[in-house]
Structure formats: structure tokens, C-alpha cells
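Chemist:
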Amino acid sequence: MVTAACFAELGNQVICVDSDGERIAGLRRKKMPFYEPGLERMVLRNLSKRRLSFSTQISEGVKKSQIIFIAVGTPPLPSGDADLTSVEQVAREVARAMTSYRLIVEKSTVPVETGRWIQRTLETSIRKKVPFDVASNPEFLREGSAVMDFLHPDRIVIGAESKKAEQLLCRLYKSFKAPILVTDIASAELIKHASNAFLATKISFINAIACVAEQVGADVEKIAQGMGMDPRIGPAFLKAGAGFGGFCFPKDVEAFIRIAEKIGYDFDILKAVKRVNESQRLRIVKKVEKQLWNVKDKVVGVLGLAFKPDTDDLRFAPALDVIGALQAGGARVRAYDPVAMPEAKRVLKDVVFSKDAYQAVSGADCLVLMTEWDEFKKLDFGRLKRAMRQPVIVDGRNLLDPEKARKAGFRYVGVGRHTLDGWGAS
Ligand code: UDX
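Residue numbering for the sequence shown follows our numbering, starting at 38 and increasing by one per position.
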């Protein structure tokens with residue numbers, strides 16, 4: 038959706054095809070299928086300029102386009118492998134609809150060698166001897182800033198193995214200032230997986246440092262700052278917290294482990310990254326238990342449910358696991374999220390949803406902060422304390438000011454942060 042809207046914004050004619058008739062009907066009625074800052078306005082603008090249209094028919098999209106992006110979902114199978122059946126199915130249908138040259142570009146995050154499989158599928162499914170090329174053009178968009186990330190990329194990666202494919206894609210991106218890196222298809226596929234895996238590794242690494250820091254009275258925020266000042270390390274993705282969630286890092290790390298396994302390489306580092314990430318969620322629960330002694334029948338107010346701010350996406354969100362574990366221990370959970378509440382009501386059971394943060398912690402024995410939404414930065418500690426039964430904060434994202442919280446009379450526990458009162462370390 039973001040790719041389509043942004044290509045239209047750049048002046049291209051874009052037709053979006055999806056097999057989900059309801060989604061397409063909704064889009065035709067100008068209803069966005071998910072929340073993403075800036076997307077709705079861009080879609081509406083390009084609809085009115087007639088550069089963007091919607092269809093449920095692959096044949097219509099193929100007929101009207103020279104370049105076809107495959108951007109279907111590649112969800113994880115129980116084994117951890119990416120499920121590529123949608124990619125195959127779409128490639129087959131595209132092949133059947135082609136009557137003259139087309140460039141087919143894989144945009145979905147896919148295991149290395151998917152490009153080759155798409156090539157083979159097209160060759161076997163094509164009706165006549167129609168020429169085509171396959172290319173890989175991975176995206177590096179983050180949810181919550183996807184539109185900006187698309188329009189202002191750090192780099193554009195094009196995996197192409199023919200001059201024509203390379204030229205078509207370079208022309209499509211010609212107005213961008215970012216460097217374009219042209220590679221073979223397998224390298225482009227691996228750049229995407231390697232980039233996500235590396236960022237996930239940075240997060241698990243700083244979370245491991247946080248575990249050490251909190252035992253020795255050091256502050257992971259300062260450690261990250263000090264490490265980040267080294268340009269070889271850099272400050273990004275060194276934010277300790279409840280760990281990474283969302284539909285990319287957890288599934289991509291898992292898929293990369295499986296891809297390596299299949300070619301006979303034991304990707305031990307990534308296995309540790311995954312393990313640290315999973316235990317990070319449990320550590321939040323342990324901190325609540327340590328503060329409340331028993332969680333049974335205690336009331337916990339959870340602030341933030343989305344896997345990160347500026348999105349309503351709850352997939353693999355740390356908050357879901359933390360809530361599940363607290364409920365399993367007998368706690369009663371109240372929750373609030375500025376954007377993800379409608380989605381949360383669908384996936385969470387036995388949670389009391391509140392209209393704001395103060396209502397969520399009303400009568401609570403503990404406040405647990407799980408997503409670093411901007412509005413939580415401005416919380417009034419006095420008001421929170423008056424609303425709560427016990428003044429306890431477990432800050433799973435190190436968002437709040439520990440000193441201010443303590444001055445207001447709270448017992449504050451963050452992640453990898455020095456706790457003067459001896460209550461925090463676990
Ligand atoms: C990620 C990649 O950043 C993007 O390039 C790729 O295309 C898709 O996957 P996204 O999942 O939208 O994007 O979010 P991102 O901002 O990368 O955060 C992922 C998770 O890591 C979130 O749960 C976030 O809270 C967590 N995170 C991120 C940390 O815990 N610490 C950090 O320092 C950064």
C-alpha cells in the first residue's frame with residue numbers, strides 16, 4: 038500500500054491488486070486497511086489525480102502495467118520458514134496474464150533463491166513465448182514512518198540480472214537522491230535479511246547489556262550513549278527495552294535461521310538473538326512479580342499495546358506476551374493504547390480497556406509501560422499516583438524519568454537502569 042501510494046505520488050500510474058475483495062471495496066470507499074501516518078492523505082490525493090486505482094483482478098494489473106511488484110505476505114509457518122505459497126500463486130497468475138514483456142519485481146521479504154523460484158514458475162506457467170525479467174527490490178520501510186522512509190531512503194537496492202531490468206528500475210527511482218546499489222538477485226535478497234537480522238542483533242545485544250547493567254547498578258541508557266558515539270557502532274537501534282516485536286524482525290530472524298539451516302549453516306548468533314528477545318518479555322513480568330510479591334488478584338495497568346509507537350500493529354507485540362503471562366498468574370489487567378485499541382479488543386481477552394492512561398491505572402497496583410508513545414512522556418505523576426492503589430511503575434521502554442517518578446513517590450523499575458532503592462534489580 039505504501040509502495041503503491043508513493044510510486045503514484047512520484048507521478049506513476051499505479052494499480053493495486055489484492056485478492057481480498059473487502060479490502061479493495063473498502064479502499065474504493067477511501068477506507069484505509071491499517072493505520073500509517075501520512076498514508077491516507079497520500080492515497081486520497083492520488084486517487085483524486087487518478088494515478089492510483091484498485092482491482093481484485095491480477096489480469097487487469099498485468100495488462101495495464103510494465104513493472105509488476107509482488108508485495109504479498111510471507112507469514113511464518115509453524116516451522117519458522119516463510120510461507121511462500123502466495124508468492125508462487127501470484128507469480129503463476131501473473132505469468133498466465135502476460136502477453137508482452139513485463140518486469141516482475143519481488144518486494145516482499147523473501148528467502149534467498151525466491152527470485153529463482155519466481156523465474157522458474159513464470160517459465161513453466163507462461164502461455165506463449167513472452168519475454169520477461171525477474172528482479173529483487175527489497176524495501177526497508179519501518180511501520181509508523183513508512184511513507185517518509187520510502188520517500189527518503191538511505192539506499193535503494195536493485196537485484197537485477199539483465200540490463201533492461203536494471204534500466205527500468207533505475208528509471209523508476211531516478212528522482213531519488215539516495216545511492217542505488219545494483220547487485221545480482223540473491224545478494225539483494227540477502228541484503229534485506231542480513232539488514233533486519235543485524236538490527237535485531239543490535240537490539241538483543243543492548244538488552245543483554247541491560248541485564249548485566251541492572252545487576253551492577255549501571256545505567257544502560259548511558260552505556261548505549263557511550264557506545265553510540267563511536268561511529269563504527271552508531272547510536273541507532275541501541276534502545277534497551279521489552280525487546281523487538283512486529284511482523285518483520287521476529288519472523289525474519291526465525292526465517293533466516295531456517296534458511297541457514299537448510300544450506301547446512303548453524304546461525305548460532307541469530308539463535309541467541311531470538312532467545313534474548315524472548316526472555317526480555319519474561320523479565321518484565323518478573324519485575325512486576327518482584328514488586329507486587331504475588332500477582333494473583335492484583336490489578337495491573339498496561340500502557341501501550343502496539344509493538345512500537347505510531348502503529349496499530351499488535352503482531353508479535355511484547356505487550357501481548359506480558360499481558361498473557363500476568364493473566365496466567367492471576368492478575369487483572371487494564372489497558373490503554375492511543376491507536377491500537379480496536380485491534381486489541383479483537384485479540385485480547387479479559388482485559389478492561391480504558392479511555393486514557395489515567396483510567397487504565399485506576400485502582401492498579403502496578404503501571405507497566407510497554408510502548409513508548411509520545412503522549413506517555415507527558416504523564417502527570419501526581420495524577421497517576423492518586424489514581425493507583427500502589428505507586429509502582431515498571432517501565433518496559435525506559436520512557437519515563439526515573440528521578441521524577443521517584444520524587445513523586447513511585448517505586449520505579451526500568452530496563453537496565455540503576456535502582457537506588459534496591460527494589461528494581463531482578
Ligand atoms: C523493521 C526495519 O526497521 C525495517 O527496515 C524493515 O523494512 C521492517 O522491519 P519495523 O518492524 O516497522 O521495521 O520497526 P522498527 O522501528 O525497526 O522496530 C522493530 C522493533 O524493534 C520494535 O518492537 C521496536 O520497539 C524494537 N526496537 C527498535 C527496540 O527495542 N530497540 C531499538 O533500539 C529499536
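Backbone N, C-alpha and C fix where the C-beta goes; we use that ideal spot for every residue, glycine too. Remember, it's a predicted structure, so these values are computed and weren't measured experimentally.
Measure the Cβ-Cβ separation of Phe344 and Gly282 and say whether it is below 7 Å.
Modeler: Sequence index remark: in the sequence shown, residue 344 carries index 307 (1-based). Sequence index remark: in the sequence shown, residue 282 carries index 245 (1-based). Cβ atoms of Phe344 and Gly282: closer than 7 Å.
Chemist: For the beta strand (DSSP E) that Phe390 lies in, which residues bound it at each end?
Modeler: Within the sequence shown, the letter at position 353 stands for residue 390. That run of the beta strand (DSSP E) goes Val388 to Phe390.
Chemist: Mapping DSSP to helix, strand and coil, what is Pro113?
Modeler: Working through the sequence shown from its first residue, we reach residue 113 at position 76. Strand.
Chemist: For the ligand COA, is there any heavy atom lying closer than 6 Å to the beta carbon of Ile240?
Modeler: Here the bound small molecules are the ligand UDX; the ligand COA is not part of this structure.
Chemist: Who pairs with Cys403 in a beta bridge, going by DSSP?
Modeler: What you label residue 403 is simply residue 366 of the sequence shown in a count that begins at 1. Answer by DSSP bridge pairing, in chain order: Val337.
Chemist: Check the C-beta distance from Gly181 over to Pro355 and give it rounded, since I have them as a contact under 8 Å.
Modeler: Position 144 of the sequence shown, counting from 1, holds the residue named residue 181. Position 318 of the sequence shown, counting from 1, holds the residue named residue 355. The pair is not a contact, with the Cβ atoms about 16 Å apart (cut-off 8 Å).
Chemist: Using a Cβ-based criterion (distance less than 6 Å to any ligand heavy atom), does Gly283 qualify as near the ligand UDX?
Modeler: Against the sequence shown, residue 283 aligns to sequence position 246. Checking the Cβ of Gly283 against the ligand UDX gives yes.
Chemist: Under 8 Å: do the stretch 121 to 130 and the stretch 97 to 110 share three or more Cβ pairs, one atom per stretch?
Modeler: Segments in contact, yes.
Chemist: Roughly how many angstroms lie between the CA atoms of Val541 and Arg179, to the nearest whole one?
Modeler: The requested residue 541 is not part of the displayed model; the chain covers only 38 to 463.
Chemist: Please list the segments of the beta strand (DSSP E) lying wholly inside the stretch 348 to 427, counting only runs of 3 or more residues, in order along the chain.
Modeler: Runs of the beta strand (DSSP E) inside the stretch 348 to 427: 369 to 373, 388 to 390 and 403 to 406.
Chemist: So, using beta-carbon positions, are Arg277 and Ile306 closer together than 7 Å?
Modeler: Translated into positions along the sequence shown, residue 277 becomes position 240. Translated into positions along the sequence shown, residue 306 becomes position 269. In the sequence as displayed, the identity of residue 277 is Ala instead of Arg. No; because the gap between Cβ atoms is not below 7 Å, this pair is not in contact.
Chemist: Could you compute how far the alpha carbon of Lys323 sits from the alpha carbon of Pro70?
Modeler: Looking up residue 323 in the sequence shown gives position 286. Looking up residue 70 in the sequence shown gives position 33. If I take the Cα positions, the gap works out to 36 Å.
Chemist: With DSSP run on the structure shown, which of helix, strand or coil describes Glu143?
Modeler: Residue 143 sits at position 106 when you count from the first residue of the sequence shown. Glu143: strand per DSSP, three-state reduction.
Chemist: Would you mind working out which of Ala394, Val313, Asp256 and Arg434 sits nearest Leu421, comparing C-alpha positions?
Modeler: Taking the first residue of the sequence shown as 1, we reach residue 421 at position 384. The candidate whose alpha carbon is nearest that of Leu421 is Ala394.
Chemist: Can you tell me whether Arg179 sits near the ligand UDX, meaning its C-beta is under 6 Å from at least one heavy atom of the ligand?
Modeler: Looking up residue 179 in the sequence shown gives position 142. Yes - the ligand UDX has a heavy atom lying nearer than 6 Å to the Cβ of Arg179.
Chemist: How long is the line joining the alpha carbons of Leu114 and Asp289, rounded to whole angstroms?
Modeler: The residue you call residue 114 lines up with position 77 of the sequence shown. The residue you call residue 289 lines up with position 252 of the sequence shown. Approximately 12 Å between the Cα atoms of the pair.
Chemist: Looking at the structure shown, is Cys285 part of a helix, part of a strand, or coil, going by DSSP?
Modeler: Position 248 of the sequence shown, counting from 1, holds the residue named residue 285. It is coil, neither helix nor strand.
Chemist: Decide yes or no for the touch test of the stretch 401 to 409 against the stretch 427 to 440: beta carbon pairs closer than 8 Å, at least 3 of them.
Modeler: Contact between the stretch 401 to 409 and the stretch 427 to 440 is present, because at least three Cβ pairs lie under 8 Å.
Chemist: The ligand UDX and Phe274: does any heavy atom of the ligand fall closer than 6 Å to the residue's C-beta?
Modeler: Working through the sequence shown from its first residue, we reach residue 274 at position 237. Result yes, Cβ under 6 Å from the ligand UDX.
Chemist: By a C-beta neighbour count over all protein chains shown, 10 Å radius and 16 as the cutoff for buried, is Gly461 buried or exposed?
Modeler: By 1-based counting over the sequence shown, the position of residue 461 is 424. Note that Gly461 has pLDDT 47, beneath the 50 cutoff, so the model's placement of it is unreliable and the number below is only indicative. By the neighbour-count rule (16 or more Cβ atoms within 10 Å), Gly461 is buried.
Chemist: Quick one: what does DSSP say Ile270 is sitting in, helix, strand or coil?
Modeler: As a first step, residue 270 is located in the sequence shown; it is residue number 233 there, counting from the start. Three-state DSSP puts Ile270 in coil, outside helix and strand.
Chemist: With DSSP run on the structure shown, which of helix, strand or coil describes Ile163?
Modeler: For the purposes of this step, residue 163 is taken as residue 126 along the sequence shown, with counting starting at 1. Of the three classes helix, strand and coil, the one that applies to Ile163 here is coil, per DSSP.
Chemist: Just to confirm, does Gly98 get its C-beta within under 6 Å of one of the non-hydrogen atoms of the ligand UDX?
Modeler: Taking the sequence shown and counting its residues from 1, one reaches residue 98 at position 61. Not so, every heavy atom of the ligand UDX lies at least 6 Å from the Cβ.
Chemist: Restricting to Cα atoms, I'd like to know which of Leu357, Asn83, Ala223 and Ile105 is closest to Asp55.
Modeler: By 1-based counting over the sequence shown, the position of residue 55 is 18. The candidate whose alpha carbon is nearest that of Asp55 is Ile105.
Chemist: Where does Ser116 land, buried or exposed, given buried means 16+ other C-beta within 10 angstroms?
Modeler: Position 79 of the sequence shown, counting from 1, holds the residue named residue 116. So Ser116 ends up on the exposed side.
Chemist: Give the straight-line distance between the Cα atoms of Tyr140 and Ile107, rounded to the nearest whole angstrom.
Modeler: In the sequence shown, counting from the first residue as 1, residue 140 sits at position 103. In the sequence shown, counting from the first residue as 1, residue 107 sits at position 70. Reading off the sequence, residue 140 comes out as Leu, not Tyr. Leu140 and Ile107: Cα-Cα distance of roughly 11 Å.
Chemist: Taking the C-alpha atoms as reference points, what is the distance between Val39 and Lys166?
Modeler: On the sequence shown, position 2 is the one that residue 39 refers to. On the sequence shown, position 129 is the one that residue 166 refers to. The alpha-carbon atoms of Val39 and Lys166 are separated by roughly 33 Å.
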